[in-house]
Each structure stands twice: as structure tokens, then as C-alpha cells.
Amino acid sequence: MTPIYRWNGQYFGFIKNDRLFSASSQYLGWVTEDGRVWRRNGTFLGEVENENYILRRTSMATPATRAVRATPATPATPARRANRAGKASIAGRIDALGEFAST
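Sequential numbering of the sequence shown, starting at 1, is according to the numbering used here.
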């Protein structure tokens with residue numbers, strides 16, 4: 001299991017078996033071998049950055065929608081991780097998790 005954080009350092013959720021889940025184990029999407037992250041509806045969300053973050057390039061053309069994948073079984077909710085210090089902005093990239101409500 002890989003913990004995922006918002007760029008501001010707030011714990012968001014986790015990746016398990018190439019699937020993205022919220023902190024409460026809600027299935028949100030999947031991760032492909034190239035590090036791209038797709039929403040559960042098959043639309044592009046962003047790219048894994050520094051193993052624990054998901055960012056989206058603002059200048060990148062949006063990739064074509066992928067076929068929806070089967071919803072996996074809900075995993076046990078792991079212990080909540082402590083927040084981290086926020087990171088400095090990166091030119092041309094935004095936190096792809098900004099569309100999700102804070103938990």
C-alpha cells in the first residue's frame with residue numbers, strides 16, 4: 001500500500017494493487033504502469049509524482065478516455081497517516097486531487 005497526499009501535505013488516501021482509494025477506502029480509479037492515474041469513469045486524472053502525489057500537467061492535452069475497469073473489492077481502511085509538510089508549487093502542474101472534497 002502506498003499512501004497518497006495532496007500537494008499541500010494533507011493525507012488523501014492510498015494506492016493498493018494499482019487502484020486508487022480515498023482515506024475511507026472509497027474506490028476512485030486506477031494507476032497504469034506508466035504512472036498515469038485514471039478516474040473510475042475512465043477519464044484521465046493525473047500522474048503519480050514522487051511516489052506519493054498525483055499531479056496534472058496544465059499544458060498536456062487530455063488523453064483519450066479509457067474503458068472503465070471493474071470496481072475492486074473494498075479493502076480494509078488503513079490507519080490514517082499523519083499529514084506532511086506542503087510542497088512548493090511546480091510550474092505547469094496542479095494537484096490533481098483538488099477536485100475531491102477534503103477529508
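Every residue, glycine too, gets a C-beta built ideally from N, C-alpha and C.
Check whether the Cβ atoms of residue i and residue j sit closer than 8 Å, and answer yes or no.
{"i": "Thr58", "j": "Gly92", "result": "yes"}
{"i": "Arg66", "j": "Gly42", "result": "yes"}
{"i": "Arg39", "j": "Leu55", "result": "no"}
{"i": "Ile90", "j": "Asn52", "result": "no"}
Look at the alpha carbon of residue i and the alpha carbon of residue j, and state the distance between them as a whole number of angstroms.
{"i": "Ala82", "j": "Val37", "result": "23 Å"}
{"i": "Phe12", "j": "Trp30", "result": "15 Å"}
{"i": "Ser22", "j": "Arg6", "result": "11 Å"}
{"i": "Ala88", "j": "Glu47", "result": "17 Å"}
{"i": "Ala76", "j": "Asn17", "result": "13 Å"}
{"i": "Ala79", "j": "Thr2", "result": "12 Å"}
Excluding the 5 residues flanking residue i on each side, which residues of the same chain have their C-beta closer than 6 Å to its C-beta?
{"i": "Thr74", "result": "Ser25"}
Going by DSSP, what residues sit across from residue i in a beta bridge?
{"i": "Lys16", "result": "Arg19"}
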